[in-house]
Each structure stands twice: as structure tokens, then as C-alpha cells.
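Quick note on my numbering: the sequence shown kicks off at 2 and runs consecutively. For each residue, glycine too, the CB sits at the ideal point set by N, CA and C. It should be emphasised that the depicted structure is a prediction, and the values quoted were computed from it without experimental measurement. Below you'll find the structure, written out as C-alpha cells, and then a few comments.
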Amino acid sequence: MDFSVLRNLISRYCAGEEYWVDSRTVYIGHKEPPPAAEAYIPQRYPDNRIVSSKYTLWNFIPKNLFEQFRRIANFYFLLIFLVQLIIDTPTSPVTSGLPLFFVITVTAIKQGYEDWLRHKADCSINECPVDMVQQGTVVRTQSSKLRVGDVVMVREDETFPCDLILLSSSRGDGTCYVTTTSLDGESSHKTYYAVPDTMAFKTEQELDSLHATIECEQPQPDLYKFVGRINIYKEREDPIARPLGAENLLLRGATLKNTGHIYAVAIYTGMDTKMALNYQSKSQKRSAVEKSMNAFLIVYLCILISKAVINTVLKYAWQWSADHDEPWYNHRTEIDRERHVVIRAFTDFLAFMVLFNYIIPVSMYVTVEMQKFLGSYFIVWDKDMYDEELGVGAQVNTSDLNEELGQVEYVFTDKTGTLTENNMEFIECCVDGHVYIPHAICNGQILSAASSIDMIDSSPGGYRREHEDLFFRALCLCHTVQVKEEETVDSIKRGIHLGKPTSFYISSSPDEVALVEGMKRLGYTYLRLKDSHMEILNKDDEIERFELLHVLNFDSVRRRMSVIVKSSSGEYLLFCKGADTSIFPRVVSGKVEQVRARVEQNAVEGLRTLCVAYRSLSPAEYEEACHQLSDAKLALKDREQWLAQAYDLIERDFTLLGATAVEDRLQEKAADTIESLQKAGMKVWVLTGDKMETAAATCYASKLFRRSTQILELTKKRTEEQSLHDVLFDLSRTVLRQRSLSGLSVECQDYGLIIDGATLSAVLKPSPESSGSGNYREIFLEISRNCSAVLCCRMAPLQKAQIVKLIKASKEHPITLAIGDGANDVSMILEAHVGIGIMGKEGRQAARNSDYAIPKFKHLKKMLLVHGHFYYIRIAELVQYFFYKNVCFIFPQFLYQFFCGFSQQPLYDTAYLTLYNISFTSLPILLYSLIEKHISIEMLKRDPTLYRDVAKNALLRWPVFLYWTCLGLFNACIFFFGAYFLFDNTTFTSNGQLMTTNTQMMFGNWTFGTLVFTVLVFTVTLKLALDTHHWTWINHFVIWGSLLFYVIFSLLWGGIIWPFLNYQRMYYVFMQMLSSGPAWLGIILLITISLLPDVVKKVLCRTLWPTATERAQRVRADGVHEGSVSPATGPDPSPVAGGGGSESDMLCPARTCEGERGGEGVRAARTYDSMMSHNPNYLLSQPLDHAPSDGH
């Protein structure tokens, strides 16, 4: 029996998936096609409701509880709570249940509130009014009631309610203007087109007579990809098929601009829209701190189990003798005594697990979550990271990685729009080797803007004049620029010159605008696109019209774009512009060598270059090209591959015309930011698709490469001369030889590596050989590891992600950060540990897919060196402190079992067990983790080397963790044995009470436990106070307030007879304990002894082995003004022979080479040390080139 039909039905109706077919058919207006058409098969589609919420009123409690108990710590405490309910345990179930309930409740309230906000947002969107065309009239309905196939009318400045196919518009040419700011951040107006066969349907009545179906692909999240076709049925005629692409698709969330109204048909609704599909969360990233927390938790879990096993074994060893059997007051029945010893031992093991379970800090997770959530607002509120020009500040898309900002070891950055402004300025063009520069100076005179200057020959011949005109026409025609002539656009007056409206250009590509404006300055002005005709004004003030027949759009694989136009004389011309590597191989004539030389020269100067070529088509060739393009555009499956093949066949046999050069200036403070990151110990890699020469010039300008840097090339050009194997091993020998020499106190050479995309593919290509010379990855990693900076040019977007993944997977497993501004950077942003998007001019795709978004590259400096540093310091202290205070809390309980016959008697009262982590010690550490500043912001910005003190997870390494644990064990022993030996001399009074003879204080089990607990609470709180460097009124309020709250609570808890308690074992215990003077003295003495070792350790370490941060703190404490640079980060290495001095004037620690400073760094550091020793205020009078100018 064939179950395929049943399986398809189940997949479609039950699973809710539509992937059982490759495409969907939409019936416009829900009209059935004529009888001659294909069979009418209605399909089920979701309605137009947007659901971004996670829960409903009915599933919130079970779903939220399920998600919370998936966390190991929560599930563990649930098991402990159930054990306390099932078996007889020494502590009340409330002691475990109440903290767990608190954590679960706080988390549920937070998540429920966030989901309620999402519900409100969904309701406002779903209840939005929409105009729908029904039976020739316009009906207003709610957005949620739209269905696939409905025809809607959208007016100017309204937002599209779902994904629509444009049918017609109020404009005569069937176009409309749209802004997609809410989708990708691009504020420019984009032009969308109606199919010529439907653009004539201008009224509701005419649309009601339209019979058509749309076949298109199933929903997918790519905003810039759409494949479909429309079939238009007419009476007694075959249906007309027209291709549909992204230029016909209006996306939900976009806004109609400068167009009266449009009619369109709903194609994707609700959660099928591209905007909704992009809601899907990215893969979860985990920080290094979280991994350390889990590792520490496993250690403490092992300690807990060990304690329970030891006590269980010792209990039965102690009870082996009849004299030591459990006493009569434990009320063990004969049934208990007759149970099998294994069952009794297992029950006792569980009881000990319950007794000691507080060593696992359940409240740590909720505290960490609150710290990350609240702490992320400090980035959002930072005024220094607000950009006045863009009107935006920094954004936090995920707060889970705050501390990872302080652990970055590799920074991967895009070039265009990230290091540079992406604000293009036309510099020059070259036609057949002759250079033309607008506004050039010739014979001492500045020529007018409309003059074209030949820097070589002022009297071009006929042939050259023909190529010159073709070149200028090509750049005026081969683009997707829009011309705006309206005086007012979006209520803003634009294009006004001398009181008269003039045209201005808008495009999604700044390069194209720069080129068209450059041609305007050289005498050729692009006027408009009207009725499929492009109009240009030549230098003779004559208007030329060209019919635009086809546009072969740019893509990152081809790296070129083309247009096919028809001149007024009937000649078919194909104009193409693109990267030199994509144009030169397709050129068959023209002055290639002259143009190539100029392109390379411009690239060396850091200019962006494009080559321009053309081809004249015969009518037969044009018909063939039309046929190829038509077949490819009508394909529903693999349309991109078909189009690529068609483009490849059409774009060939070119005649080279020339090349252009535009300048993309470096962003403000980009060089200072890169320099600071390198001083902080980070390796900066630039990944770009640009030419090697252009990218290298930018790297020199941004100080990624210095003039003293020796450049190592791993490029296609070199691998053509030598085999890849030989090149890799030559470079490897070079850097390894230098590393061996650096150990002999020889000046450390600074290396920079340049690799291109083709060579990278060869390096990453899996080798058929299992080992030996085929293992190129490790050799490449070894080379790059020894280079201070790396430039990867000619990179495809996927290759950028491959580079990041390669470094992530290397044996050191470094923390990586990727930063970019365009869609081509999204892959590497998602791959890196931390992804940062620039809110630039290439849209907001990078910002939307990133973990953090910043306006400019310069803001990365403060985000890492200040915010990252603080976040890591705070959360590292939080994690270590939580484990420390829980060791202090529960280890006395372990010791107490040796003195109570392993009877599982608790040392502390139930209220103390319950509230220790919730109330008595929680707020001080939470506040510390939010506002602690161990060093000033100014110092962190001016001395990037301080970042090295926290790099590589320095504060959460195993030695530091062991120190905190041992300190906790020591303090616990002081608490317990101090109280024990201080009050060990006891006698019975006449009424049978136990009283200490030296303090005259009634002394029993609960008094002893309360004394230990009081010393514990004061010690762990004062330990945090000793660690606090940045004191504010709120610190004082929380720290001293917590201690006061403990005292008041203890007085009330033991001073009042509470009616809801069956027994009150703490009655009068606390007050009676405080009534004894020696008890006060003992508490103060024990607290002092407990804190003394940590204070001594800090004093010794700061005196003998100070870190750079501690030296900076000492400088500040000694009264040195904060404007001075902090001291060098370590003692000078052994004397260096012949150290360079080119960086001495910078007065900053130089970059390191294999952990030691090179000759230039030594000389710079010594210069700094000598000047500071003679005059500590020297730097106050010196200009700091890299000092921030943000008002601090």
C-alpha cells in the first residue's frame, strides 16, 4: 500500500508544513481560472496574524516550568526538594523549596512580562486597519483577517500589511517608491515595478475583472530573493506568463513613499512573511564565563557527593559498636532497625545530600541573569557611544555575552563601511590610458565643473573621442540610480539650488551615486528614467534617449553588472562595469595594459576601482540574449543558476573602455581604535572583497600595518610562481626563524600577512593526503599566529565565515569578534563568538543579525576596553564570590557532624538556611556586579594594555577558583572551631541549662549555630566590602543595610512567639547571645582573623607582583593626575641590541612578539619610564594623539 498521499496530508494539515510542494499557486481575488486552465486546487495558508509571543494564557505555567527545569541547577534542587518530601530529612522541605520557588518565580515573572509586551505589540499590529478590494469596492478590515489572494489598496506613507505582488500604481509607469528602513535599515527610496500586463488596471472595478494566478516559491527568509511568475488569462487567448522577481515583491513592514496609492495581491501572510521568518532566533552563543560556571558547578557537585559519602560511611563505622548506636531520643522504631542496611545507608546518603545541598548556589543563576540583563543597559545609556550624525546609539541584541567583550583575542573586521566611511567621492577616470579629473587645475586655472580634462593630451582624435563618449555614456546608463526632482520628499525640502528645484540621485550603492555625480561634473548628466527610456544630457547640452531593455543586476559572485540599451539610431549596446578581475578576462580588445597599470596605481593609493567595457550586439545576438534571459527568468526552480548561466553567455567579448577611481575615506578615529586594540593584546584581521592594493593602502592608513612591518604575501600571483606547498613552508621558516631569534634578545620583527580568496580556498581545501605536506591549515595557522596583523582580500562572504571558524577551532580556542556593516558580513558575525554590526550605509542587516550594534567603528574601543573590562571583572567576582560564600556557609555544617554522631543534625535554623542566599547576602553582590569600577574609565581608555590583565579568562582560571575555595574552607574552619574553642568550658546550672563558665552565656546547639552564622554573614559581607573599589551611597546603603536587616530579622525571629510555628527553637537565642560581652568580642575577633589572610595576600601581591591594573591604581592613589598614561605593564626584558626608536615619541607600550616586547617597544617603554621618573607630570603637558575627545 502506498502511504505517500497519507504522509503528504499529515505533513500538510497536521504538521503545518508546506514543504511537500516546491511552489504555491495563488489565485488573485480568489477567482478560479478559466476552464481551459489547470485544475483548481485550493491550498491552505496561514492567516495574517503575527505571533511573536512565546506563551499563551493556557500554556504559560507548564511551558515555562518545563523550560526552567531543563536547567541542571533547577532540576537538581527540584530533586532535593522531592527527596525532602518523601523521606525523613534533617531539614524542612521549605529550606530547599522556598529558594527554588523564589528563583522560579522571579524568572517566570520576568519572562511573562517580556511575553506580555510581545502580546501587546502583536495585537497592535494585527488590529491595524487595511483596505481590501472586494467585488469592485474597497472594504476596510483588520490586518489579521487578510488571506493569501486578497487584493489590497495601500496609500502613501502606509505600511504594507503582508508580502504583496505589485499589480498597479497611481504612477503612470506602474512603479512605486518604497523605504525598507524597518527591515534592513536602508533609508533610500527603492523602486518597485508592476508587470506591464497588470499596470493598466487602475480602478477597483478593473481589478475585479482581472483573471490571473501567481506561481511562486514557498516562503523563505531571504529579503532579497523571490522567484515566481504570473499567468494572465484573457478570453479566447492563451495565458500570458511573465516573470516575477524581488523587484515586484513588496515586503511586510516596508512603507510606501511618494506614490499616491497602489493595488497589490497578498502572496505571503502572517508567519509566512519574510519579516516574520527573520524573527527566528540565531543559534545560542555561550560565553567563556558560563562554561567556567558549569565546570565549577560540577566540581562542587562532586564535593557535595563526597561529603555525603564520607558522612554516611563514618556514621555506620561509628555505629558499628553497640555503645555508639543512635540514642533513644532519635525515636527510631523497630521497623527502622529491621530495614536492610543498604536501604538505610541509601536513605542516610540522601539525607546528607539534603543537608549539604546548599553548597550548590541555586540563586547564582538568577543573579547572573539579572546582572546581565540590567548591566546591558549601561551600553545603551552610554552617551559616548551615541552618534549625532545618525541619531542612534549602541544597541544590545543579546545580554548573554556582555562579559565576552572583555575576553576578545581576535578581531575580524570588514573594510568598506566599517573602517571606511562608505561615503564615496569620484576622483578620476581613465579612458584608454588617458586620465580625466574633474575640477582639475590646468596652467594655473581651475576649470569649470563641466569641463573634462585630459591630463595627457588636450586634443583627442576621432577614435579616442568615440571611446570617450562611449565611456561617459556607459557610466550614465549602467546603474540603478534613481533621480529625484520633487522639491519636497518626505516633508523635507531637498534638491533646491538658487531657489529652483534640481535633481539629486539616490541609490542603495554609494559607488553608483559617486560615479553618476562624477560624470555630471565631467559634462554628462543622467536626467531620468521615463517610460523605459533613460535620458542623458551630453556635454553639448543635447538630450540623448536610450531605451532600457534589460538590467543584468550586480551580484557578489559575478562582481559586475550590465545593461542592454537601444540607442536612438537603433543600435543595441551592452554596457558592463565591475571589478577588474571580472572584466579583464572577458575583454577581447581595448588598451588593457594601459588601463591595468592605472588601476593598479590607483589601488596602491587606496582608491576603489571599477572597469568599464561594452559590446555592440547585432539584432540576432540581441534576440538570442532576450530568449536566454526570458527562459531563465521564467524558471521557478534554480532560477539563480539559470540566470548565472545566461549572464555568463551574454557578458563576453567586451571592448575595454576604461576604469574609474573613487575614494572611500577612513572613518574618524579608526586608526586610533585599531592601535588601541593591538596594544590591548588583540590581533586584528581585515577581511574584505576589495583588491589587495586598495585594502593594503587602507591597512597602512589605519595603522594596521606600519612602515616597519614586513609584509608576507600568500596570494594567487605568488602561488603561480611557486607551488603552494613551497610558499607556505618558506613563510613558515621566515616567521619561525624570527621567533627563535627573539628568544636571543634580538629585535623582534613585526610581520603582516596578506592572503587572497583564491589561495585561502586552496589552503582550506581538504587534502587527499592524510598527513605530511598536505596539511596546509596548521601551517597557515602557525604563520598567522606569528603575525601582528593579517589582511584577507578578495574574500567571498562565506570565506569570511570560514576564516573565523578556522581561528575558533585552532588549538588555543581564542575568543573571536567579528564586526561589519553589510549583508556580506552577516555570515562571519554569526560565526564569531561575539558579533557586532555597524549601523552604516549598507543597510541594517549586519546590525539585525549581530549581538551588539554600534554607530561607528570608533565606538568599538570603549565597548571592549571599558565596558568589556568592567563586565568581566564584575561577573568573575560574582561567580567566585557565590561559590566562596556557599563554602563558608555549608562546611561548618559538615564539621558539625563529627561532633553530633553523624546524626544529620542541622547547625543552622531553618529560617537562616532559607534566607541566607535569598536575603542576607544577595543584594550586595548584585549591586557590586552592576556598578563596580576597580579603575577609572579614563585610565582604561588611555592605557589599553590594562585589558591584558583580564584576557584569557584570567579571573576564572582554576588557580583563582582554588584560592577562593580554600579561602572559604579556611574561613569556615575559623567560624566553627573559633566558636567551639571559645565556648568549650561549659557547666550545668541548677535548672539543668548548659552555661559557659567564661562568658556566663546559656550555650546550646542553636546558640552555637547562631554564633557561627552571625560571624559567617558579617565575614562574607565585609569580604565584598574589602573588594569594592568604587564606593557610592548605594553601596553603603546595601552593604550596611544587609547586615542591619540580618540583625533586625534575628531579633524579631527570636524575640516574638509566632503563632504559625509548631515549635520555636530560636526563641530568645539571638538576644541572649548578644547580651554577653565576650560573645561580641568573639564575633569581632573571629571576623578579623577570617579576613586577615585575604588582606595579607592582597598586600603581598600588590607589593611584590603587581599587575598593570594594580600599578595604575597605585598611581591614582599617589595623586598622579588621571590625564597621564599608566605605567608600563611589566619590567623591562633583557637589554636589546639596536632597538628601533620610531615609536618612542608615542609613549605607549609597543605590540608584543611572542609575549616579549620588541626593540621599539623596549625603547619606547624606557623613554616613558625615564621621563616619568624625572617628572611624573611630564605627560600632562604633552598632546595625546590617541586621547579621546568625548569630554571625559
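Reduced DSSP secondary structure (H/G/I, E/B, other) of lysine 934: coil
Identified DSSP bridge partners for methionine 133: Val140, Val153
Assigned secondary structure, leucine 549 (DSSP; H/G/I helix, E/B strand, else coil): strand
For tyrosine 777, the three-state DSSP class (helix, strand or coil): helix
Backbone secondary structure at serine 1036 - three-state DSSP: Reading off the sequence shown, one finds asparagine at residue 1036, where the question assumed serine. Asparagine 1036 falls in the helix class under three-state DSSP.
Arginine 1117, DSSP secondary structure in three states: helix
Supposed contact pair leucine 1044 and threonine 1022 - C-beta distance, whole angstroms, cut 8 Å: 6 Å
Under 7 Å between C-beta atoms of serine 583 and leucine 575: no
Candidates Ile808, Val1116, Glu159, of which the one nearest methionine 940 by Cα: Val1116
At least 3 beta-carbon pairs within less than 8 Å: the segment 809-823 vs the segment 401-415: yes
Inter-residue spacing [alpha-carbon to alpha-carbon] between serine 533 and arginine 609: 31 Å
Through-space distance from tyrosine 1069 to serine 1076, alpha-carbon basis: 11 Å
Classification of aspartate 581 by the beta-carbon crowding that lies within 10 angstroms, buried from 16 upward: buried
Selection from Thr214, Lys717, Ala973 that minimises the alpha carbon distance to valine 764: Lys717
Short Cβ contact (7 Å threshold) for lysine 806 with glutamate 832: yes
Backbone secondary structure at phenylalanine 505 - three-state DSSP: strand
Environment of glutamate 238 [buried if 16+ CB atoms lie within 10 Å]: exposed
Three CB pairs or more closer than 8 Å across the segment 464-484 and the segment 698-716: no
8 Å contact criterion, which glutamate 669 and lysine 809 should meet: CB distance rounded: That pair is no contact at about 31 Å.
Ranges of the beta strand (DSSP E) found wholly within the segment 832-902, counting only runs of at least 3: 835-839, 853-855
Separation of histidine 435 from cysteine 443, as counted between CA atoms: Caution is warranted here: a pLDDT of 39 is assigned to cysteine 443, below 50, making its placement in the model unreliable, and no coordinate value can be reported.
When Ser570, Leu761, Phe899 are compared against alanine 309, the one with the closest alpha-carbon: Phe899
Leucine 732 to leucine 782 span [Cα, whole Å]: 11 Å
7 Å CB neighbourhood of valine 342 in its chain, flanking five on each side removed: none
Burial state of serine 1182, where buried means 16 or more other Cβ atoms lie within 10 Å: Residue confidence is low: serine 1182 scores 33 on pLDDT, short of 50, so the model does not pin down where it sits. No coordinate-derived value is stated.
Cβ separation of lysine 521 and phenylalanine 505, assumed to be a contact under 8 Å, to the nearest whole Å: Not quite, the Cβ-Cβ distance comes to about 11 Å (not below 8 Å), so this is no contact.
Rounded straight-line distance, which links the Cα of glycine 175 to that of tyrosine 264: 10 Å
Cα-Cα separation between valine 266 and cysteine 479, rounded to whole angstroms: 31 Å
For histidine 1031 and serine 724, the rounded distance between their alpha carbons: 59 Å
Inter-residue CB distance, serine 918 and proline 100 (contact presumed, cutoff 8 Å): Here the sequence assigns asparagine to residue 918, which means serine is not the residue at that position. Confirmed, about 6 Å.
Of the residues Ser709, Ala515, Asn1006, Ala647, the one placed nearest aspartate 665, counting alpha carbons only: Ala515
Residues sharing a beta bridge with histidine 534, DSSP: Lys531, Glu548
For tyrosine 872 and leucine 406, believed in contact at Cβ under 8 Å, the rounded distance: 6 Å
Ranges of the alpha helix (DSSP H) found wholly within the segment 546-598, counting only runs of at least 4: 581-584
Nonlocal neighbours in the same chain, by C-beta distance under 8 Å from leucine 245, ignoring five residues either side: Ile166, Val196, Ile215, Cys217, Phe227, Val228, Gly229, Arg230, Ile231
Same chain, Cβ closer than 7 Å to glutamine 446, five either side skipped, listed in chain order: Low confidence applies to glutamine 446: its pLDDT is 38, below 50, so where it sits in the model is not reliable enough to give any reading.
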